[in-house]
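Which chain is which? The protein sequence lines are A and B, in order. Here the first sequence is numbered in the working numbering, starting from -16 and rising by one per residue. Here the second sequence is numbered in the working numbering, starting from -16 and rising by one per residue. The structure under discussion appears below in the form of structure tokens.
2 protein chains.
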Amino acid sequence: MPPHAQPAAADSARELIAARGGRVTRTRVAVIEALQRSAHPLSHDEIGATLDGAGIGHDRVTLYRALDWLVEQGIAQRIAGGERAWRFEIRRDGDHRHAHFHCERCGQIVCLEDVPAAAPALPAGFAVARAELVLHGACADCGRAGVEGKKE
Amino acid sequence: MPPHAQPAAADSARELIAARGGRVTRTRVAVIEALQRSAHPLSHDEIGATLDGAGIGHDRVTLYRALDWLVEQGIAQRIAGGERAWRFEIRRDGDHRHAHFHCERCGQIVCLEDVPAAAPALPAGFAVARAELVLHGACADCGRAGVEGKKE
DNA sequence: AAATCTAATGCTACAATGTTGCATCAAAAG
DNA sequence: CTTTTGATGCAACATTGTAGCATTAGATTT
């Protein structure tokens, strides 16, 4: 795609990276685009598979570091999800933090865009930087399918 | 301690275990007592250190399995906390789920007994089994101490 | 009290997820 | 084109958790 077709919107991967003074590398671009395309947060492993699929050679460590950098720069955010592995999602305009749903049947994490993860009133002295609200249960797809599924 | 001094309250470690038909072992008793004594959720590692301190030899795997059993039986519950390791806390009367605070400075997890982790209204089809609300920031102690601390 | 039955334990080995150090490569600048 | 240094790729390691299996020791029965 020729560069003159680019819209003015500053959310292309290249622009996101360059605006922070980072180097525009294949890995970073591909990771950002993978996150932007995905409707739900992706694990390190899922992102790695996407890169492989796109023919972009990469190393586990490189991917970890690329993700760390994106989180540091506020381009992506990390969420704890249900399992032991982090998941990542693109951070859209501002710090629009929302709740997540972890399906214990299919293991998927779903963004609940309409459910804010708001911090309630806390005892004096506590300074909240961010709130994480994760709901565990059966998602719409798994619930609809009845109780045929296996756990997790 | 002679057995006749035991109160009628059914929350002694022995009773909790026996009521579920489990075997009363040193490890399980010590784990339950450690959790009961602690004001905040403990990691696997912290519990292990407590056992060592009490002179109770144990194996990593045994501890994992003891904790799994306690969670299965509803005696303890697992929370995700801020880091990659699970933390465990005794489950007090009923399913009294509360929010937790993760201090990014001292790494401690604090129970916010008064803040319920309630599930908000969800899109149709979602069945919520439990909600986890974790707030990240600086706890009262670390906040009071000023900005001298190092991260995490 | 001894024998029995089997749930728990304690190895060993392994799996998954993430991190550190360092030599090399290549993106951006001159 | 050359230089600079951020980013990569590799190897090695750390942490957290599981699986299989022989052995130990709670609970129960004799």
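Glycine included, every Cβ here is placed at the ideal spot set by N, Cα and C. Since the structure is predicted, the reported quantities are computational estimates derived from the model, not experimental observations.
Kindly indicate which residue of the options has the alpha-carbon position closest to the one of residue i.
i, options, result
"B/ILE30", "B/HIS83, B/CYS122, B/ALA68 and B/PRO106", "B/ALA68"
"A/CYS125", "B/VAL111, B/ILE15, B/GLU115 and B/CYS125", "B/VAL111"
"A/ARG70", "A/VAL7, A/ALA123, A/HIS23 and A/ALA13", "A/HIS23"
"A/PRO103", "B/GLU87, B/ARG88, B/ILE92 and B/HIS83", "B/HIS83"
"A/GLY108", "B/PRO99, B/GLU115, B/ALA123 and B/ALA100", "B/ALA123"
"A/LEU46", "A/VAL12, A/ARG74, A/ARG20 and A/ARG75", "A/VAL12"
Using three-state DSSP, classify residue i as helix, strand or coil.
i, result
"B/SER111", "In the sequence under discussion, the amino acid at residue 111 of chain B is Val, which differs from the Ser named in the question. Three-state DSSP puts B/VAL111 in a strand."
"B/ARG67", "coil"
"A/LEU18", "helix"
"B/HIS41", "coil"
"B/VAL7", "coil"
"B/GLY36", "helix"
"A/ILE0", "helix"
"B/CYS170", "Any answer about residue 170 of chain B is impossible in this case: the structure gives chain B only from -16 up to 135."
Let me know if residue i comes out buried or exposed under the rule of 16 or more other beta-carbons within 10 Å of its beta-carbon.
i, result
"B/GLU96", "exposed"
"A/GLY64", "buried"
"A/ALA37", "exposed"
"A/GLU66", "exposed"
"B/GLY120", "buried"
"B/HIS85", "buried"
"A/ARG88", "buried"
"B/VAL44", "exposed"
Can you find the residues in the same chain that come closer than 6 Å, C-beta to C-beta, to residue i, ignoring five residues on each side of it along the sequence?
i, result
"A/HIS41", "THR10 and LEU34"
"B/VAL117", "HIS83 and HIS85"
Within 8 Å of any Cβ in chain A, is that where the Cβ of residue i sits?
i, result
"B/VAL98", "yes"
"B/GLY120", "yes"
"B/VAL44", "no"
"B/ALA63", "yes"
"B/ARG(-3)", "no"
Under 8 Å, Cβ to Cβ, is there at least one residue of chain B near residue i?
i, result
"A/ARG70", "no"
Between residue i and the rest of its own chain, which residues show a CB-CB distance below 7 Å, the 5 nearest in sequence each way excluded?
i, result
"B/VAL54", "GLN60 and ARG61"
"A/LEU(-1)", "ILE15 and ILE58"
"B/VAL7", "ARG(-3), ILE0 and ALA1"
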